[in-house]
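Student: Chains as they are written, first to last, in our numbering: chain B, 220 to 437; chain W, 4 to 112.
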Amino acid sequence: MLEVDNIEKYFGDIQLLYGVYLKAEEGQVTGILGSNGCGKSTLLKIVFGSEKSKYKLIKVDGNVIQKKLYTVGIVKYLPQHNFIPDFMSIRKALQLYQVSEQDFRSFFVEDDFDLLQKFGHLSGGQRRIIEVFLSLKTPARIILLDEPFSHISPIQIEAIKKLIQTEKRQKIIVIIDHYYRDITEVSDEIYLIKNGSSKRIQQLTELEDYKYISQGSL
Amino acid sequence: MNELLFFESVDIIFMRYITYVFFYAKELLILTSFLTVSYVLCNLFSLPLAPLIITMKIVLPVVFFIMKKMNNQSTLYFLYNLGMSDGVIVGLLLLLSTIDILVLQFILS
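1) For Tyr83/W, would you say it is in contact with chain B, using Cβ-to-Cβ distances shorter than 9 Å as the test?
2) Are the C-beta of Leu79/W and some C-beta of chain B separated by less than 9 Å?
3) Taking contact to mean 3 or more Cβ pairs, one atom from each stretch, closer than 8 Å, check whether the segment 350-359 of chain B and the segment 250-260 of chain B are in contact.
4) Tell me where the beta strand (DSSP E) around Leu252/B begins and ends.
5) So, for Thr249/B: in the same chain, excluding its five sequence neighbours on each side, which residues have a beta-carbon less than 8 Å away from its beta-carbon?
6) Bridge partners of Val66/W, per DSSP?
7) Quick check: the Cα distance between Asp428/B and Glu377/B, rounded to an integer number of angstroms?
8) Closest Cβ-Cβ distance between Met4/W and chain B: below 9 Å?
9) Checking 9 Å against the spacing of the C-beta atoms, do Val239/B and Ser416/B come in under that value?
10) Apply the 10 Å Cβ neighbour rule to Pro116/W and answer buried if 16 or more other Cβ atoms are within range, or exposed otherwise.
11) For Glu366/B, collect the residues of the same chain with a Cβ closer than 6 Å to its Cβ; drop the 5 residues on either side in sequence, then sort them by chain order.
12) Below 7 Å CB to CB, which residues in the same chain sit around Phe332/B once its five sequence neighbours on both sides are set aside?
13) Starting from Leu364/B and walking both ways along the beta strand (DSSP E), at which residues does that stretch end?
14) Kindly list, in the order they appear in chain B, the residues whose Cβ is closer than 7 Å to that of Ser88/W.
15) Does Ser272/B come within less than 9 Å of chain A when only Cβ atoms are used?
16) Roughly how many whole angstroms lie between the Cα atoms of Gln234/B and Glu227/B?
17) From this set, Leu426/B, Gln317/B and Ser369/B, which residue's C-alpha is nearest Lys295/B's C-alpha?
18) At a Cβ cut of 7 Å, what residues of the segment 292-306 of chain B count as close to chain W, listed as they run along the chain?
19) How big is the Cα-Cα spacing for Phe68/W and Asn74/W?
20) Give a yes or no on whether 9 Å exceeds the smallest Cβ distance from Tyr42/W to chain B.
21) With 9 Å as the threshold, decide whether the Cβ of Phe230/B is near any Cβ in chain W.
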């Protein structure tokens, strides 16, 4: 279980996050929603360890983790933008992420990818879906996904959702995206970041109450 | 078979800790190569600029990393995902930037 508590983040004099709390469990997908600039990505980066915060408490299975989480080797993070270097081939990326070529081939049945192809030669959408696939299939315990549904086609979004459901069995998955319908569909637990604090959503109608979505749009 | 496994793991480690930093920092390495050439020329023509060049070779990787970090460059997350901390990345950049000078010093001495 991943537990994040008391996260406070300032940008200069402006406070972005006010003691955010979040709990994500194995076998569940935890979705985070919030308007633009509310601090969703910043929150994931703080959990991952690449962004500093004034205060934070991160616990994995009840043990406080003092180090940056990514140095412990139990977490993988999918950033918003392409992150695998252009020069790298699909085969090398699979090796580094410890994902088998067989798994890759069986997921991308329709696309006949040449494994020696470099990421720099792939289209934006192809690149993105491979990065999402690698992030989900890699044998890390905690997976943090920042906008995994962006820049990919609807049919691929469906395939990714299915993959998330399979992978969540042995992983802790935390996901943020602007497509709230996709998030609500795929998540078992939902948090809303509003005014710098996290609110656990038990009924989807609460999203209307908190004015994250307009009345009647559910 | 064991040998094959050994070389495979060495390959993975090498890729993780050297190759991708090398590619990630190719602009830096082009710059430091020019500094190395300048260093050799300084030694050949007995110009007193060698200490300045060595200082630049040490300072440049740090500046380079800070700039990448400030720009929040996504490829940095690739290295983070491989478990490399900021200290390890800067250390490797320093090593890659200065190793040629260290080898040259060894040869010249």
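All C-beta atoms, glycine included, are put in the ideal place defined by N, C-alpha and C.
Tutor: On the basis of the supplied data:
1) yes
2) yes
3) no
4) Val248 to Gly253
5) Leu241, Lys242, Ala243, Ile391, Ile392, Val393, Ile394, Ser406, Asp407, Glu408, Ile409 and Tyr410
6) According to DSSP, Val66/W bridges with nothing at all.
7) 29 Å
8) For Met4/W, the predicted model reports a pLDDT of 49, less than 50, meaning its position is unreliable and no value from the coordinates is stated.
9) yes
10) A question about residue 116/W goes unanswered here, because the residues of chain W that appear run from 4 up to 112.
11) Gln299 and Asp396
12) Ile309
13) Ile361 to Asp365
14) Lys287 and Thr290
15) Given the protein chain composition of this structure (B and W), no chain A is represented.
16) 8 Å
17) Gln317/B
18) Gly292, Lys295, Tyr296, Pro298, His300, Asn301, Phe302, Ile303, Pro304 and Phe306
19) 10 Å
20) no
21) no
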